[in-house]
Each structure stands twice: as structure tokens, then as C-alpha cells.
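To start, the structure itself, in C-alpha cells.
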Amino acid sequence: MTIPFPLPVTAATAALPPVILVVDDDAAHRDLHCMMLRRAGYHAEAADGGEEALRWMGQTQPALVLTDLRMPGLDGFAFVQQLRAQPRLTGLPVIMVTGDAPDLEPDRAVAAGLHALIAKPVEMGALLSAVAAALTPGRTA
């Protein structure tokens, strides 16, 4: 189910779970992260790369994006840069994950406006804590 945003806030729309877009070229990781989010009550959608995610967000705006760093085509940082170039998406919370500890680039993550940078394998508790913090104004992970 695709939910177009922004929706007017009503009793019906306030009860909808936040939509989180999971962007990862690895189907196993993408499916695992979607499953973790769905078990926690979120509505997870999936894209297999930055290009597909940008096309998807041309129609729908998620509440948060969870993206991999290393992907063919647009890597995670290039994807976030293109996302941030769109005025309606500049404040969209983004969490990035990576499978290689040396790829953790905290200074670059801060400059890109990421809400969190998480090493794979992603632990469910760490993911859900980062998601909750990103979706709650004024809260940090």
C-alpha cells in the first residue's frame, strides 16, 4: 500500500504507522530491515537503490529513509545529496547503514545531515532506537 504525503491530519491519518523507505541493493539486507521495522509497527517500503528511491519519492514522501552506504550507481551519500536538493525533502530524517566499519565516516555523516550512521549487521534494538529518535523532534539516539 502506498500512502501519499502530506495527508491532512485527521483521526484516521493520525493512526497510520509512519512510512519508512528502506534503500539497499542487497535484497537480503533490504528484506531483513523491512521485517524488523514491520515487526515494530512501522510501514516499510523498499527500493533497490538510490535511483529507484528518488523515483518513489517523486510520488510519495516517507516519514524516514533508511539507506545503505555502498550501492552501485548512487552510493548512500550521493543519494542523500540528491534527496536534500529537493526542497520538500530537505528535512526528511535519514539513517545510513554500512557493512564495513572503515566506511563509518562520522564527519561526512554530520555534514550530510544524517540522523544516525549504523554498522551492519544491524541489531534490531539499535535500529529501532535510531528510528524512534529520528522520528521524535528534539530526541537523539
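If you use the numbering used here, the sequence shown closes out at 163, no skipped numbers anywhere. We treat Cβ as the ideally placed atom computed from N, Cα and C, and that holds for glycine. Keep in mind that this is a model prediction, so the values were computed, not measured.
Report, in whole angstroms, the separation of the C-beta atoms of R106 and G80, which I expect to be a contact under 8 Å. The Cβ separation is near 15 Å, so there is no contact.
So, is T120 buried or exposed, given that buried needs 16 or more other C-beta atoms within 10 angstroms? buried
Just to confirm my understanding: we take A68, look at its own chain, exclude 5 residues before and 5 after, and list those with CB closer than 7 Å. What are they? Once the five neighbours on either side are set aside, the close Cβ partners of A68 are V44, R52 and C56.
Terminal residues of the alpha helix (DSSP H) in which A152 lies: M146 to L157
Which complete beta strand (DSSP E) runs does the region 64-91 hold, if anything under 3 residues is left out? 65-69 and 86-90
Compute the beta-carbon to beta-carbon distance between A138 and L86, rounded to the nearest angstrom, for a pair I have assumed lies under 8 Å. No, A138 and L86 are not in contact; Cβ-Cβ is about 10 Å, not under 8 Å.
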